[in-house]
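Heads up: the structure comes next, in C-alpha cells.
Numbering (the working numbering), first residue to last: 1 to 508.
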C-alpha cells in the first residue's frame with residue numbers, strides 16, 4: 001500500500017511524475033492499483049485508480065490489461081481519503097512533496113530529491129527540485145537516456161567514474177546549487193528531516209553535507225510552501241573549501257525575462273506565469289540565462305536532452321565525443337560543429353572545446369558507422385539463414401576493424417551455424433531460466449554441428465520464422481537424409497502445427 005501512496009504523492013498536479021534519477025515523468029501503474037484494490041478490498045483505492053487512468057496514460061502501460069480483471073467502482077463508492085499535502089518518501093532515494101491542494105490541476109507543487117546517490121540508475125541530484133504551478137511544470141529534470149549506458153564505465157557509480165561526465169546525470173544538469181566546476185560526492189546519505197507544518201506553512205530541510213563533502217563542511221537545502229502560493233528555496237553552506245563560484249541552477253522550458261536589477265526573473269509557460277526573486281543573495285549575485293549551447297562546455301551533452309529545453313532547431317549532434325549511436329548522420333557532423341562554434345560564447349577556463357576539424361577523428365567515426373552497417377546486414381542475413389552472406393558481411397567489417405572483438409565473435413558464431421547471442425535473447429523473451437540457456441550454450445559448443453543447426457531451426461520455428469527454420473532443417477537433411485527429427489519438424493511447418501515444449505527440451 002505504501003507503493004500506491006508513493007504513486008499518488010509523486011504525481012504533480014499536471015499528472016507528470018517526479019522523475020528523479022533515471023525515472024520517467026509518465027505514470028503507468030494505476031491498473032496495478034485497481035487490481036490490488038479489488039484483491040485487498042479497498043474501494044477508495046479502486047476509485048483513485050480508475051479516476052487516474054487518463055492522467056497517467058495507463059493505456060500505454062504494460063499492466064493496462066489488469067483493468068479488464070477488475071470491476072469499475074459504482075457511482076456511490078466511497079471516495080478515497082484526501083492524502084496529506086506534505087509528504088516524505090523514505091528509502092535509499094528520498095523525496096519530499098509539498099502541494100497547495102489536491103484535485104486542482106493548477107495547484108502549486110514542489111518536490112525535493114535527497115537520499116543516497118550511490119544507487120543503480122542514480123544521478124548526482126541531491127537537492128534537486130521539481131516545481132509546478134498553474135498547470136505547468138516550471139522546473140524540469142532531464143530524465144534518462146539509454147544511449148549513456150552504451151559508453152565505457154557508464155554503469156560505474158564510484159567517484160570519478162565516466163558516468164559523471166554526462167551533464168544529464170551529474171549535478172550540473174539538475175536543479176541544485178553548484179560550487180565551481182565540482183560534481184557531487186556519491187558516498188554517504190543525504191537525509192530529509194521531519195516535515196515542518198503549521199498554519200499556512202509547509203516545509204522540509206535536507207542535509208546535503210555528504211553530497212558536498214570536500215567542498216563544504218555543511219550543506220543544507222530547505223524548501224517551503226507558504227500560504228499555498230509562494231515557494232521558498234533556501235541554501236545554507238558553511239566551511240567552504242576555497243572561494244568557489246556558486247551557481248543556483250534551474251532548468252526550464254519557460255520563456256525567461258531577467259529584470260534589469262538581475263534580482264528577479266519572470267518565467268512564462270502560457271497561460272501560467274511564475275515570478276522568481278532573490279530574497280537573500282550574496283553581494284554581486286545575479287540571475288542569468290545560459291545559452292543552451294554553452295552546456296557543451298566541459299560535459300558530454302546529448303542532442304535530445306538539449307532540444308528538450310532549447311527547442312527543435314538545435315542540431316542533432318552536440319556531443320563532444322560522439323560514438324557509434326551517432327553514426328547515421330556523421331556526414332553532417334563537421335558542418336554542425338562549425339556552425340556551433342561561433343555561437344558557443346566564451347569557453348570557461350575549466351572547460352575543453354569540442355573536437356573540430358580533425359580528419360582522423362571523422363575518419364574513425366565514419367569507420368565505426370560503416371562497421372555497424374555491415375554488422376546489421378550480417379545479422380539480418382543470419383536471421384534469414386543466409387550464412388554465406390552473413391560471413392561475408394562480418395568479414396568485411398573485420399577488414400575495417402580487425403581488433404573488434406564483438407564482430408569477431410559474431411563471425412565465429414555464424415561459421416558455427418548458430419547465433420547464440422540472438423537465441424539467448426529469444427530465450428529470455430520466453431522467460432526460460434538461466435540454467436536452460438546454459439544448457440543451450442553447451443549444446444552449441446560441445447555437441448556436434450548437426451544438433452546446433454537443428455536447435456537453431458527449432459528456435460526459428462517457435463518464433464514463427466518458418467522460412468529460416470526450413471533452411472536449417474534442410475541443411476540437416478542434406479547431410480543426414482535419415483534425420484527423423486528434422487523431417488518431423490519440416491512436416492510440422494507444412495501442417496501448421498506448433499512445436500511442443502517437451503520436444504524442444506528433448507533436443508538439449
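Cβ coordinates follow ideal geometry from the N, Cα and C atoms, glycine included.
In the three-state reduction of the DSSP assignment, residue 275 falls in the strand class, which pools E and B. For residue 287, same chain residues with a beta-carbon under 6 angstroms away, outside a window of 5 residues either side, are 258, 262 and 265 in chain order. In this structure residue 279 is exposed. Its beta-carbon is surrounded by fewer than 16 other beta-carbon atoms within 10 angstroms.
Judged by DSSP in its simplified three-state form, residue 287 adopts coil rather than helix or strand. Shown here, residue 173 sits in a helix according to DSSP, grouped into three states. Nearest to residue 196 by alpha-carbon distance, out of 215, 187, 226 and 216, is 226. In this structure, residue 85 keeps its C-beta atom at 9 angstroms or more from the C-beta atom of residue 204. Cβ atoms of residue 235 and residue 210 stay farther apart than 8 angstroms, at about 16 angstroms. Judged by DSSP in its simplified three-state form, residue 132 adopts strand. Taking the CA atoms as reference points, residue 25 sits about 36 angstroms from residue 239. With 16 or more other Cβ atoms from the protein chains shown falling within 10 Å of its own Cβ, residue 231 counts as buried. Proximity to residue 201 across 171, 101, 17 and 484 peaks at 101, based on C-alpha coordinates. Rounded to the nearest whole angstrom, the C-alpha separation of residue 283 and residue 169 is 30 angstroms.
Annotation: residue 402 to residue 374 spans about 14 angstroms, alpha carbon to alpha carbon. Residue pairing by DSSP puts residue 89 in a beta bridge opposite 95. The criterion of a C-beta distance shorter than 9 angstroms is not satisfied by residue 98 and residue 82.
Take residue 390, set aside five residues on each side of it, and the residues of its chain with a beta-carbon closer than 7 angstroms to its own are 378, 381, 382 and 414, in chain order. Classified as buried, residue 475 has 16 or more neighbouring CB atoms from the shown chains inside 10 Å of its CB. Bounds of the alpha helix (DSSP H) holding residue 492 are 484 to 495.
When the alpha-carbon of residue 199 is set against those of 217, 228 and 124, the nearest one is in 228. Residue pairing from DSSP places residue 234 in a beta bridge opposite 222.
Here residue 277 is exposed. Its C-beta has fewer than 16 other C-beta atoms within 10 Å.
Residue 8 has no beta-bridge partner at all, per DSSP. Of 96, 79 and 123, the smallest CA-CA separation from residue 6 is found for 96.
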